[in-house]
Amino acid sequence: FNGSLSPSSTFVPSAEVWKEDADVFLFFLSSDGVQFDWKTRDLWFSATTVAGNLSRPGEEPFPFWIMDNPGSPLACVAQDQWCNPSTKECTVLMPYRDAVTKAADLFAGQTGGADRHQWFFYSTLNVAFQASTAINYLGALSLTARFSLVGGIQGSLPDNQWQLEVKFWFATMLANLQKAVVNTATGPTDPHLNAWQLAPNKSAEYDMCNNQKIKSGDHMTFSLFGIVTLFVLGAVIIVVSLNIESLARFAQNRRKTTSYSLLEWSLNDVLQLQRIAHEELGIGDWKGGTKLIPITAENTILAVLDASDPQHPRLRADPAPSMADLRKSGTSFSSSTGWSATRVRDRELDQDSSSSTLHKHPLYDVLPLSPTLPPIVPSWQRPGEGLAEDCISHSSVETQSLLRARQESHRPCIPDH
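Going by this note's numbering, the first residue of the sequence shown is number 1, and it counts up by one from there.
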């Protein structure tokens, strides 16, 4: 204070570190058996002495280092400055106690200036006054290097680790100072501290307490205009992106022009590519060649996948089998719709006592491969009904295919439904 040593000082600084206009602090770092798995060249955490090798299961041994000094010193010089943002006045850089005394000039000219200065000192400055406070209370917990310390082994540290530590101490002091201002306005959060609470008893002190403005963490300020603008622009962009193709086609139709780029864009759609592939095979009578969804005539049998070459599959037309082919095969056939027909034995079915015997016909039991598709129901010709032999009736989607098969064998067949 005023260039003299503080009564609480525990050492007498030498001439090399003595400064009359600043506070001088000495910090000593002890490794306390900590081992470094990387060589550290930081001036305060210096560890360049190899102490031995460490080994892990399945790995080659690797060296470890220890600190070069059992107690590494760090000398810091601190100066304080206080300013009044309203008047733009500031004290000069000086030791902490001198700066607190000079801060009284910043309250000059205000009502109750001396009381305001005293209240400010007791409520704020006396609680969070210097960066060394973090070390006094936290000790080794104030070091950020501990975040890479595991099981007594220190991880890699940068060459400026001592600077990072000092910055952290200063940031801790500023956070503690802000917290002291909040606690002055709100009071202590621990009810056990109410017995030592010092309430304001002067008008200037009440005025300072009642004029505290602090941002609340429970609330958030936002711009309603900004949010509405964001939602409106976002909605417009989404609508335009979903309808840009239709809008371009509408504009093209209005101008009665053809755009090659728009036409190519439309034809590269999945459904249009499938239409083109089927038309190249001569399948279907397609409409809507430039629309979103092309359509073909009803009951058109589309192409099936030819996987005879698994490395080069392609589409192929699936011709309807003839009845002659079915008789020649004698076993079974499969169609693109997933149905299989199997010829069984010739047999005669007798009706009950009130009916006559049916004629003998080959029977084709038709079974669905998929349990979700309806089965083909066989129908037997009765005497005198005038139907040709070996007719099969259907109530499935293959009616037209088997009718064409009957036409190829020159035997007309009438559906039985």
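Using N, Cα and C, we set each Cβ at its ideal position, and we do this for glycine too. These figures come from a predicted structure and were not determined experimentally.
Please name the residue in the options whose C-alpha comes closest to that of residue i.
i	options	result
A22	P57, P95 and D32	P95
K39	G187, L157 and Q161	L157
N243	S266, G226, R255 and L224	S266
V50	L74, M67 and P57	M67
L262	L247, Q274, K215 and S223	L247
L302	E59, P313, E279 and N176	E279
Round the Cβ separation of residue i and residue j to the nearest angstrom and send it over; I've been treating them as touching at under 8 Å.
i	j	result
T133	T184	The Cβ separation is near 17 Å, so there is no contact.
A297	D285	5 Å
F170	A131	5 Å
N53	F62	6 Å
Q197	P188	6 Å
F34	V77	Sequence inspection shows Val at residue 34; the Phe mentioned does not correspond to that position. Not confirmed; about 28 Å, so no contact.
L143	E165	6 Å
R47	W18	Arg is not the amino acid found at residue 47; the sequence shown has Ala there. Not quite, the Cβ-Cβ distance comes to about 30 Å (not below 8 Å), so this is no contact.
S259	Q252	6 Å
Could you tell me which residues DSSP puts in a beta bridge with residue i?
i	result
A51	DSSP output for A51 lists no bridge partner at all.
N72	Residue 72 is actually Ser in this sequence, not Asn. L29.
T40	A47
D309	In the DSSP output, where bridge partners are listed per residue, D309 has none listed.
R316	V304
F62	L54
Q35	I153
N84	E89
I295	K287
M173	Paired residues: none, contrary to the question.
Helix, strand or coil: how does DSSP classify residue i here?
i	result
Q154	strand
E89	strand
L242	helix
L143	coil
L262	helix
V24	strand
A131	coil
M67	coil
Indicate whether residue i and residue j have their beta-carbon atoms separated by less than 8 Å.
i	j	result
G288	I295	yes
R116	M208	yes
I283	A317	yes
P200	W82	no
G112	S203	yes
F36	Q154	yes
F436	V100	The requested residue 436 does not occur in the structure, where the chain is confined to residues 1 to 417.
F27	L74	yes
I214	V182	yes
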